[in-house]
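Structure first, commentary second.
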Amino acid sequence: MSTTTAEKTWFGHPRGLTFLFGTEMWERFSYYGMRALLVLYLVKYLLLPGHVEHVLFYPQVKAFFEMMAGPLAPQPLSSLIYGTYTGLIYATPLLGGWMADNYLGQRKAAMVGIIMMAFGHFLMASEAMLFPALTLLIFGGGFFKTNTTAQVGMLYGPGDERRDRAYSIFYVGVNLGAFIAPLVAGTLGETVGWHYGFGAAGVGMLIALAVYVLGWKHLPAEGLREKKATKKDRTPLSSEEWKSVLALVLLVVPLTLWWACYEQQGNIIALFADAATDRRLIPGVINWEIPVTWFQAFNPFIIFAFTPFVLALWTRQARDLKEPNSMYKIAYGCAMLAASYVLIAFASWYGAGHKISWLWLLAYFVIITTGEIFLSPISMSLYSKVAPVRIVSIMMAVNFIPNFLGGGFIQGWLGTYWESMGHPAFFLMIAAIGLVSGVMIWLMEKPLEPYLNKSHD
Numbered sequence: 451m452s453t454t455t456a457e458k459t460w461f462g463h464p465r466g467l468t469f470l471f472g473t474e475m476w477e478r479f480s481y482y483g484m485r486a487l488l489v490l491y492l493v494k495y496l497l498l499p500g501h502v503e504h505v506l507f508y509p510q511v512k513a514f515f516e517m518m519a520g521p522l523a524p525q526p527l528s529s530l531i532y533g534t535y536t537g538l539i540y541a542t543p544l545l546g547g548w549m550a551d552n553y554l555g556q557r558k559a560a561m562v563g564i565i566m567m568a569f570g571h572f573l574m575a576s577e578a579m580l581f582p583a584l585t586l587l588i589f590g591g592g593f594f595k596t597n598t599t600a601q602v603g604m605l606y607g608p609g610d611e612r613r614d615r616a617y618s619i620f621y622v623g624v625n626l627g628a629f630i631a632p633l634v635a636g637t638l639g640e641t642v643g644w645h646y647g648f649g650a651a652g653v654g655m656l657i658a659l660a661v662y663v664l665g666w667k668h669l670p671a672e673g674l675r676e677k678k679a680t681k682k683d684r685t686p687l688s689s690e691e692w693k694s695v696l697a698l699v700l701l702v703v704p705l706t707l708w709w710a711c712y713e714q715q716g717n718i719i720a721l722f723a724d725a726a727t728d729r730r731l732i733p734g735v736i737n738w739e740i741p742v743t744w745f746q747a748f749n750p751f752i753i754f755a756f757t758p759f760v761l762a763l764w765t766r767q768a769r770d771l772k773e774p775n776s777m778y779k780i781a782y783g784c785a786m787l788a789a790s791y792v793l794i795a796f797a798s799w800y801g802a803g804h805k806i807s808w809l810w811l812l813a814y815f816v817i818i819t820t821g822e823i824f825l826s827p828i829s830m831s832l833y834s835k836v837a838p839v840r841i842v843s844i845m846m847a848v849n850f851i852p853n854f855l856g857g858g859f860i861q862g863w864l865g866t867y868w869e870s871m872g873h874p875a876f877f878l879m880i881a882a883i884g885l886v887s888g889v890m891i892w893l894m895e896k897p898l899e900p901y902l903n904k905s906h907d
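When we follow this note's numbering, the leftmost residue of the sequence shown carries the number 451, and every step to the right adds one.
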């Protein structure tokens with residue numbers, strides 16, 4: 451697939467990367483602003499008597515979940531709604547990728563997604579429209595996410611070593627927006643009104659739309675047009691390409707387990723920060739309490755603060771011919787996630803039912819986020835490099851299936867055990883699942899190595 455290598459670069463990368471960075475940053479501002487508020491909004495406000503009666507389709511949605519899980523109080527029901535939303539928003543990229551590869555092209559598909567999400571966020575300002583709003587956000591995210599991620603890889607030619615660094619830079623943009631979101635949308639939602647927080651998320655999508663339109667001419671050419679233009683692109687995948695596709699599909703299983711643990715940050719960790727954490731900045735000295743939603747800013751702040759150091763580490767290791775390959779980096783990310791939950795389990799046990807210092811949560815976020823730097827952008831880059839170019843958008847959507855299955859449904863299901871298990875036991879269960887995912891990746895590395903070290907650009 452052709453690239454935009456003929457145009458001038460900014461900071462050593464194609465100009466399109468800057469605009470994709472900005473678009474993704476504001477889309478993530480919207481997503482994480484809503485994510486910081488959603489569970490708290492449901493548990494503490496919308497699903498309580500006096501409000502829940504006004505929510506369209508609530509009886510049907512509750513009956514559906516209770517058909518599978520039995521009678522549900524507001525907290526477990528909120529976890530299931532949150533998990534379903536975060537899961538489906540990563541399932542619809544399969545639809546968005548297919549539409550882009552076959553009908554719309556990546557640029558137009560992403561534009562459709564931006565517009566749908568803007569409407570969805572503004573609808574969240576209405577209590578009655580919760581489920582229609584979430585539906586728009588789910589389908590809009592499907593059109594947007596896979597196609598902006600694919601476009602980053604399409605900016606670079608075959609074998610361009612800048613691609614891994616480009617995805618790490620892009621990931622900083624993701625987390626810059628995620629960092630600002632709880633501070634702005636979260637604060638508005640907690641202190642002014644829930645609907646102001648959701649409205650701020652909608653404004654973020656309008657800014658994302660403006661950035662994307664401004665950078666339109668710098669984005670890579672539509673894959674759809676090139677697919678129609680060359681006979682080669684209509685040929686079936688070769689045997690070697692199918693083997694690489696199968697290798698990428700197999701990685702979905704351990705990555706699903708990892709995301710089921712990771713996404714507890716927006717669900718159980720948010721509830722833990724609210725009810726079981728002493729949020730006073732310096733107890734007895736500065737008794738100002740950190741807002742609950744601000745804890746959701748710890749993760750993205752650590753990502754863009756720590757990423758340069760991790761990249762420097764990998765650069766030094768590469769110079770010494772000791773840099774771990776993508777699979778080992780991902781395995782290390784799994785191990786760090788497990789360690790973070792062991793730490794918070796110990797803190798919860800040590801607190802013996804009393805509120806623990808917010809510094810324990812800070813340490814948890816430092817460890818799990820460092821693991822995320824080792825796993826998330828590396829998996830995106832791996833799928834971009836290995837996926838055959840004719841199905842690049844669909845394969846980038848496959849990269850999001852773990853978010854769909856693990857970060858959504860399994861994460862939400864695990865969250866239903868929060869009130870019935872002791873807190874230390876719950877966190878140790880999550881740590882064990884994360885450790886299993888790392889062991890699986892480690893064991894897969896040798897058998898899959900021949901198929902994951904090939905580029906099909």
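For glycine and all other residues, C-beta sits at the position ideal for the given N, C-alpha and C.
No experiment lies behind these values; they were computed from the predicted model shown.
Put residue i into one of helix, strand or coil per three-state DSSP.
i	result
Asn903	coil
Arg730	strand
Pro852	helix
Asn737	strand
Pro670	coil
Pro838	coil
Pro464	strand
Met879	helix
Leu771	coil
Ala456	In this prediction, Ala456 has a pLDDT of 48, which is less than 50 and means its spatial position is unreliable; what the coordinates show is noted afterwards. Looking at Ala456 - three-state DSSP - the assignment turns out to be coil, as it is neither helix nor strand.
Ala575	coil
Leu701	coil
Ser689	helix
Ser831	helix
Glu822	helix
Asn717	coil
Gly783	helix
Leu490	helix
Tyr621	helix
Gly862	helix
Met871	coil
Phe563	The displayed chain sequence assigns Gly, not Phe, to residue 563. In this structure, Gly563 counts as helix in the three-state DSSP scheme.
Leu605	coil
Gly643	coil
Gly665	coil
Excluding the 5 residues preceding and the 5 following residue i in the sequence, name in chain order all residues of the same chain whose CB lies nearer than 8 Å to its CB.
i	result
Ser829	Leu701, Leu705, Ser776, Ile780 and Asn849
Gln767	Glu773 and Pro774
Leu812	Phe748
Bridge partners of residue i, per DSSP?
i	result
His501	The partner list for His501 (beta bridge, DSSP) is empty, contrary to what the question assumes.
Ile806	Thr727
Apply the 10 Å Cβ neighbour rule to residue i and answer buried if 16 or more other Cβ atoms are within range, or exposed otherwise.
i	result
Val742	buried
Gln510	exposed
Ile880	buried
Glu516	exposed
Asn737	exposed
Leu763	exposed
Tyr800	exposed
Val842	buried
Asp770	exposed
Pro521	exposed
Lys595	buried
Pro852	buried
Leu696	exposed
Met845	buried
Gly462	exposed
Ser826	buried
Ser688	exposed
His804	exposed
Taking 8 Å as the line, does the beta carbon of residue i fall inside it for any heavy atom of the ligand NAD?
i	result
Ala523	The ligand content of the structure shown is nil, which means the ligand NAD is not present either.
In chain order, what residues of the same chain lie with their CB nearer than 6 Å to the CB of residue i, ignoring the 5 residues before and after it?
i	result
Thr680	Any reading at Thr680 needs caution, since the residue's pLDDT is 47, under 50, leaving its predicted position unreliable; the model's value is listed next. Counting only Cβ-Cβ distances below 6 Å, and skipping sequence neighbours, we find nothing.
Tyr646	Leu638
Gly563	Gly590, Phe593 and Phe594
Leu587	Met567 and Gly570
Phe629	Ala747, Pro750 and Phe751
Met549	Ala559
Excluding the 5 residues flanking residue i on each side, which residues of the same chain have their C-beta closer than 7 Å to its C-beta?
i	result
Arg675	Bear in mind that a pLDDT of 43 at Arg675, under 50, signals an unreliable position, so the model cannot answer this.
Leu527	Leu497, Lys512 and Phe515
Phe815	Phe748, Asn749 and Ile752
Tyr495	His501 and Trp644
With 9 Å set as the bound, which would you pick, yes or no: does the beta-carbon of residue i sit closer than that to a beta-carbon of chain B?
i	result
Phe745	Checking the listed chains, one finds no chain B in this structure; it contains a single protein chain.
Exercise for the section: Entirely within the segment 501 to 560 and at least 4 residues each: give me those alpha helix (DSSP H) ranges in chain order. Expected result: 508 to 519, 524 to 538 and 543 to 549
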